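No gaps in the numbering here: position 9 of the sequence shown is 167 in the numbering used here, and each next residue is one more.
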Amino acid sequence: MPEKITLGIAGMTCATCVRRVEEGLKALPGVESASVNFATEKAVVEYDPASVGPEAMAEKVRDLGYEVVSREKTGPAALQKTTVSIGSMTCAACVRRVETALKDVPGVEEAAVNLATGRGTVTHGADWAGAGALRKAVTEAGYEYLGIVDAAQEDPIEKARERETRELTVKFIVGIMLSVIIFMGTMQEWFPFLDSIPRPTMLILLFALTTPVVFWVGSRFHTGALKALKQKTSDMNTLVSIGALSAYLYSTLATFFPDVFTDAGVHLHVYYDGAAFIVSFIVLGRLLEARTKGKTSQAIKRLMGLKPKTARVIRDGQPVDIPVDEVMKGDEILVRPGEKIPTDGVVLTGTSAVDESMLTGESMPVTKEPASEVFGATINRSGSFT
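Right, here's the structure in full:
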């Protein structure tokens, strides 16, 4: 039976990267479909577990020049993890007691509780008893159930993006500072205070200053170009790497073997500043791009966070407010005028007009009646319904 997995992928910079990852994953035997989202930096892959596994997919992504930072199975048979916050634990005995209680919840395969963080993580299948059963298990064991921990707080993709932004910021600052100094040395005749330095000595200094800019600040471009070459293709990394290395290698040759040019009657000039500025400005572009993607991702997460935290479920004929995470398939939910719809579903009774502008952009409310579909986080404008 096919399974689905969501891979968090870091390092994609354009639509070409998206296409390359998609085509690479689809080329694996056993992969039935692959869809990559550039904004969220995630790939959803449907595959036959008998033919291919997550490790092979991750290896393929790495071969393409990108990094897999997270894996999350989403198929019906996949195991999932839920983390809850637990209060009132004071010792190792408390931890054992809570772990035992959580393991007894139907559908839970494993449970691990951390006293220092006050959190418990359970591994379960799709058909487990639900968050309500976790609440009951913790409270009956004598401890305080503080709710489910939002997975977005520990998003590995977000951490990887923050790490990339910090790295690019440091490299740009170092690169641009050295580039300015290199430019002054290259155009030595423009700056009289540098006249005291002999030109051969200045060229060696420029070589020493440019080398870390090209090979440290610009390391991601050369690495990306080599990986693209391995795949018998080229990309923006190839262009930047060739441009920077051409200027750098020519200038190095002119610095240490000037006779090669003077004997041929060629005017000697170096382009260390060109190599340094190429790398530094492209790193700046990557930095701005990383920050923009981060803001886009946060906006998407905020949109997803618009869903209400509680739902009014009909239990024994009476409405009961429960956390939306505890809503189970088949529950009957009461939605009153002005409230947000807590989850996707189908109208059973009642009619209303629902504002779906956050999804469709349509300003006019949409009429809902029995058998109509409704969507979580949209706003009920008029009548009540279940």
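Here a beta-carbon is modelled for each residue, glycine too, at the ideal position from N, C-alpha and C. Just so we're clear, the structure is a prediction, and the values are computed from it rather than from any experiment.
- Residue I167 holds the alpha-carbon nearest to the alpha-carbon of T198 among I167, C175, A192 and F439.
- In terms of Cβ geometry, R539 and S510 form a close pair [threshold 8 Å].
- Note that the C-beta distance between P495 and G534 is not below 8 Å.
- Of the residues assessed, V203 falls on the buried side of the cut-off, its CB having 16 or more other CB atoms within 10 angstroms.
- Excluding residues up to 5 positions away in sequence, Y429, Y430, G432, A433 and I436 lie with their Cβ nearer than 8 Å to the Cβ of A405 in the same chain.
- Between A383 and the set L367, A402 and A366, the nearest pair of CA atoms involves A402.
- In the DSSP annotation of this structure, the continuous segment of the beta strand (DSSP E) that includes S243 starts and ends at Q238 to G245.
- CA-to-CA, the gap between R321 and D502 works out to about 35 Å.
- Distances from the alpha-carbon of V176 to those of L492, A192, E268 and C252 put A192 closest.
- A direct Cα-to-Cα measurement between D262 and D479 gives close to 26 Å.
- Secondary structure note for T279: it is in no alpha helix (DSSP H), and the uninterrupted beta strand (DSSP E) holding it is R277 to H282.
- Looking at the DSSP output, K162 bridges to E204.
- With a minimum length of 4 residues, the unbroken runs of alpha helix (DSSP H) contained wholly in the region 281-307 fall at 289-298.
- Shortest Cα-Cα distance from A259 to any of A299, R319, A529 and K329 involves A299.
- When the Cα atoms are used, K385 and V253 turn out to be separated by approximately 47 Å.
- Across the structure, K465 and A366 are spaced so that their CA atoms are roughly 56 Å apart.
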